[in-house]
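Colleague: Numbering (this note's numbering), first residue to last: 611 to 710.
We treat Cβ as the ideally placed atom computed from N, Cα and C, and that holds for glycine.
I have a structure I would like to understand better, so I am pasting it below and will then ask my questions one at a time.
Here it is in structure tokens:
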């Protein structure tokens, strides 16, 4: 199979997995915390902002406050986060989900 078709197939699979993940997050918002701690491979290139926007009642304003409180850029990808940054972010997310 040509390389560009392989790439398209992989991209479609990743989009499908991400769509399913967003649906799971809508059903169980606290799942986003587990995903931040141990992200699956297919969300490594996903922006933190995009992942947080999948959480019910998390609009642009709240997501912006979360990202600023965690002192990170809105362009940050999940896979770029260090363990310490993941911990900081999950602490802030817990506060907004009212899990602490």
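Just checking, does the stretch 691-708 make contact with the stretch 666-680 on the three C-beta pairs under 8 Å criterion?
Modeller: The stretch 691-708 is in contact with the stretch 666-680.
Colleague: When the Cα atoms are used, what is the spatial distance from residue 641 to residue 621?
Modeller: Taking the chain shown and counting its residues from 1, the one referred to as residue 641 is at position 31. Taking the chain shown and counting its residues from 1, the one referred to as residue 621 is at position 11. For residue 641 and residue 621, the distance between alpha carbons rounds to 23 Å.
Colleague: Just how far apart, CA to CA, sit residue 684 and residue 672?
Modeller: Locating residue 684 in the chain shown gives position 74, where the first residue counts as 1. Locating residue 672 in the chain shown gives position 62, where the first residue counts as 1. Going by the C-alpha atoms only, they are around 12 Å apart.
Colleague: Which value, in whole angstroms, describes the spacing of the CA atoms of residue 658 and residue 612?
Modeller: As a working note, residue 658 is residue 48 in the chain shown. As a working note, residue 612 is residue 2 in the chain shown. Between residue 658 and residue 612, the C-alpha separation is close to 32 Å.
Colleague: Give the range of the alpha helix (DSSP H) segment to which residue 701 is assigned.
Modeller: Within the chain shown, the letter at position 91 stands for residue 701. That run of the alpha helix (DSSP H) goes 693-707.
Colleague: Which runs of the alpha helix (DSSP H) spanning at least 4 residues fall entirely within the stretch 611-658, listed in chain order?
Modeller: Those alpha helix (DSSP H) runs which fall completely within the stretch 611-658 and span 4+ residues are 613-637 and 641-647.
Colleague: Given a threshold of 16 other Cβ atoms within 10 Å of its Cβ, counted over all protein chains shown, does residue 701 qualify as buried or as exposed?
Modeller: Taking the chain shown and counting its residues from 1, one reaches residue 701 at position 91. Under this definition residue 701 is an exposed residue.
Colleague: Starting from residue 672, follow the alpha helix (DSSP H) in both directions and report where the run begins and ends.
Modeller: Within the chain shown, numbered from 1, the residue matching residue 672 stands at position 62. It spans 670-679 - the alpha helix (DSSP H) in which residue 672 sits, taken as one unbroken run.
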